[in-house]
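Written out below as structure tokens is the structure these notes cover.
Residue numbers (our numbering), protein chains in the order written: chain A, 14 to 166; chain B, 1011 to 1522.
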């Protein structure tokens, strides 16, 4: 992995370790600079109260210029939240992970955004095309061309 | 130039305002966007443009043309951050400002990579290793005997072998080992040698064997060998002597140059008093020959003033030179004994011109005697600058002139004081008389006014007999020094006037 990405990730990791994560977000593992796991929990009144989900970040050599591949972990007994923008295979339809990614965003910023996405959910349901997508979905959610049609949540 | 952040290790915590939000490191070559004023590393932003042509912070559209170099304050702040040397892992503990690190790595760092200093191999090696670097495989050294090039390590081996090689003498065709060749060349009878008298001019060369048998008896130089030896010694001695003499000439020349320069500066300092012929006017130092010089000025013989102008002129200076210690005597006393030298008098053409140029005061100048009779000398003579005497004499003359001028200024001042006092007194008297006149006039005017007031207010004065109009009239004259004319009868038209001014008494009063 290129040094730029690893230096940037090392910096983010040291900040996480020195300053801690925001409330409801916890680092599970960050053994290398390719895959990190976080748990996120929605605080306060919401449909996902007292439910914890695991987020997986995968970084490539172009990080932070290119976005990380972010999805919910659905193995080892973990599940993805039931949400209009989250597929059952853990893939997330969120513009900041696709064409609205900006290099100034960071891992923690993505976590907080997804946390607030869950918190603002009104109705627990899968996306309408969930079954069709999950059947054909690639392993890496970055290879999916999402259409960001719903900007309410 | 080290441009990329991944190479820098910052010694101290860096202010978070100086961090690029893309790489989260201090800016390197920072640029600021023209439209939204966000700052990034240039490389980071250009890379981000590959992803999306927008500002990473606010997502506004951007192009490379919208990037301006960041404010120089920001540039300086990040350029002056202290970083570790990039060869820290190799052992260099040097730290310096980021902008100076390139120079350190290029020029000084013991672990910086430099090309082979001998230029014979293409290896890049750490600067610290260049001393021990031998370039072994590439360095070639020539053999002293056969001229062939060998690697440095192989040379000793080659030399021993080379010495054993048989070579042929070029004169006698004898074959012998190379190590014996010099010895053989010194003795080979066939070797061509020069006549021993070659330095003296003999052009013979031939085989060594024929030198003694054939050439030496016939060589004309051999016959006068003793003469050549003598000559050579003599030449050597002369050359040596020449060398010493040349040395002395050099020394003398430099001394002469120094003297010349000193003379030049002395000449420049002397100015017009420099005499190239060294002849000064004989009357410059006649002090002891002039008995009259010792006499008080009052006892000078009258002939001094009747002598010719040039003589008196010169004598005056000589007199002053001799009297220099007696500065106390006022110079005006001397001046009285010499006729005033005006520039109309033809005493010397050259001196005339110079006098006209250099005179500070006209020769015939007399102090103004406005209020005469103060008792100071009527005219103080100022001599023209005398160029025909020595510098010292001229200086003395100038000093005397200054003293005379001082005296003249002093007496002028005193006269001015007296004149001023006199004038002030006179003016005082005049002012006094004017004041008296004014006072008289005021009295008269006052009388007239009182008359008029008495006419206007005549009736009320009669009615209020007691206060006699003083308070009513508003004159404020409680001191009673002004005459109050109470007896004047009212004018004829008084009642009519009173009828016409209904304002009453107060309005018709007149204040002085």
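Just so it is clear, CB atoms sit at the ideal spot from N, CA and C, and this is done for glycine as well.
Check, Outcome
"Count the other C-beta atoms from every protein chain shown that fall within 10 angstroms of the C-beta of residue 1257 of chain B, then say buried if there are 16 or more, exposed otherwise.", "exposed"
"Whose Cβ in chain A lies nearer than 9 Å to the Cβ of residue 1067 of chain B?", "115, 117"
"Could you please give me the residues that DSSP links to residue 38 of chain A through a beta bridge?", "A/53"
"Just to confirm the assignment: which complete alpha helix (DSSP H) runs, minimum length 4, are found wholly within the segment 1145-1228 of chain B?", "1165-1174, 1191-1195"
"Name the DSSP beta bridge partners of residue 1020 of chain B, please?", "B/1093"
"Is residue 1266 of chain B helix, strand or coil when you go by DSSP?", "helix"
"Cα separation between residue 140 of chain A and residue 61 of chain A?", "17 Å"
"Alpha carbon to alpha carbon, what distance is there between residue 1435 of chain B and residue 1356 of chain B?", "Note that residue 1356 of chain B has pLDDT 44, beneath the 50 cutoff, so the model's placement of it is unreliable and the number below is only indicative. Approximately 49 Å, taken between the alpha carbons."
"How would you list, in chain order, the residues of chain A whose beta-carbon sits under 9 Å from the beta-carbon of residue 1057 of chain B?", "17, 75, 78, 116"
"Excluding the 5 residues flanking residue 137 of chain A on each side, which residues of the same chain have their C-beta closer than 6 Å to its C-beta?", "60, 95"
"Taking the alpha-carbon positions, what's the residue 1070 of chain B to residue 115 of chain A distance?", "11 Å"
"Check residue 1556 of chain B in the structure and name its three-state DSSP category.", "In the structure as shown, chain B starts at 1011 and stops at 1522, and residue 1556 of chain B therefore has no counterpart that could be examined."
"So residue 1032 of chain B contacts chain A; which residues on that side make the cut at Cβ distance below 7 Å?", "77, 116, 117"
"Out of curiosity, what's the CA-to-CA distance linking residue 1189 of chain B and residue 1264 of chain B?", "58 Å"
"Taking only the alpha-carbon atoms, compute the straight-line gap between residue 1041 of chain B and residue 1051 of chain B and give it to the nearest angstrom.", "6 Å"
"Please state whether DSSP places residue 71 of chain A in a helix, a strand or coil.", "strand"
"Compute the Euclidean distance between the alpha carbons of residue 1193 of chain B and residue 1127 of chain B, then round it to the nearest angstrom.", "41 Å"
"Could you tell me how far apart the beta carbons of residue 128 of chain A and residue 53 of chain A are, in whole angstroms, since I believe they sit closer than 8 Å?", "5 Å"
"Give the secondary structure of residue 1086 of chain B by DSSP, where H, G and I count as helix, E and B as strand, and everything else as coil.", "helix"
"Which residues of the segment 17-41 of chain A have a Cβ closer than 8 Å to any Cβ of chain B? Give them in chain order.", "17, 20, 21, 24, 25"
"Taking the C-alpha atoms as reference points, what is the distance between residue 1155 of chain B and residue 1114 of chain B?", "46 Å"
"Leaving out five residues before and five after residue 1093 of chain B in sequence, what residues of the same chain have Cβ atoms less than 8 Å from its Cβ?", "1018, 1019, 1020, 1021, 1105, 1106, 1107, 1108, 1111"
"Could you give the first and the last residue of the continuous beta strand (DSSP E) run that contains residue 1078 of chain B?", "1077-1079"
"Would you be able to state if there are at least three C-beta pairs under 8 Å between the segment 87-106 of chain A and the segment 1076-1088 of chain B?", "no"
"Chain A beta carbons: is any one of them nearer than 8 Å to that of residue 1061 of chain B?", "yes"
"Taking DSSP's pairing of strands, which residues face residue 1123 of chain B in a bridge?", "B/1136"
"Drop a sphere of 10 angstroms on the beta-carbon of residue 33 of chain A, count the other beta-carbons inside from all chains shown, and report buried for 16 or more, exposed for fewer.", "exposed"
"Applying the criterion that 16 or more other CB atoms from any shown protein chain within 10 Å of the CB defines a buried residue, is residue 1072 of chain B buried or exposed?", "buried"
"Pick helix, strand or coil for residue 65 of chain A, following the three-state DSSP scheme.", "strand"
"Give the straight-line distance between the Cα atoms of residue 143 of chain A and residue 149 of chain A, rounded to the nearest whole angstrom.", "10 Å"
"Skipping 5 residues on each side, what residues in its chain have a beta carbon closer than 6 Å to that of residue 1120 of chain B?", "1137, 1138"
"Could you list which residues in chain A have their beta carbon closer than 8 Å to that of residue 1172 of chain B, in chain order?", "Chain A residues near residue 1172 of chain B: none, gap ~57 Å exceeds 8 Å."
"Note down the Cα distance separating residue 1269 of chain B from residue 1243 of chain B, rounded to an integer number of angstroms.", "39 Å"
"At 9 Å on the CB atoms, spell out the chain A contacts of residue 1051 of chain B, in chain order.", "Correct list: empty, because the minimum Cβ distance to chain A is about 10 Å."
"I need the boundaries of the beta strand (DSSP E) containing residue 126 of chain A, first residue and last residue.", "Note, residue 126 of chain A: premise wrong, no beta strand (DSSP E); alpha helix (DSSP H) at 120-132."
"Under 6 Å Cβ to Cβ from residue 1481 of chain B, same chain only, skipping five residues before and after it: list those, please.", "With a pLDDT of 45 at residue 1481 of chain B, under the threshold of 50, the modelled position of that residue is not reliable, and the figure given next carries that caveat. If we look at residue 1481 of chain B and ignore the five residues flanking it on each side, it has no Cβ neighbours."
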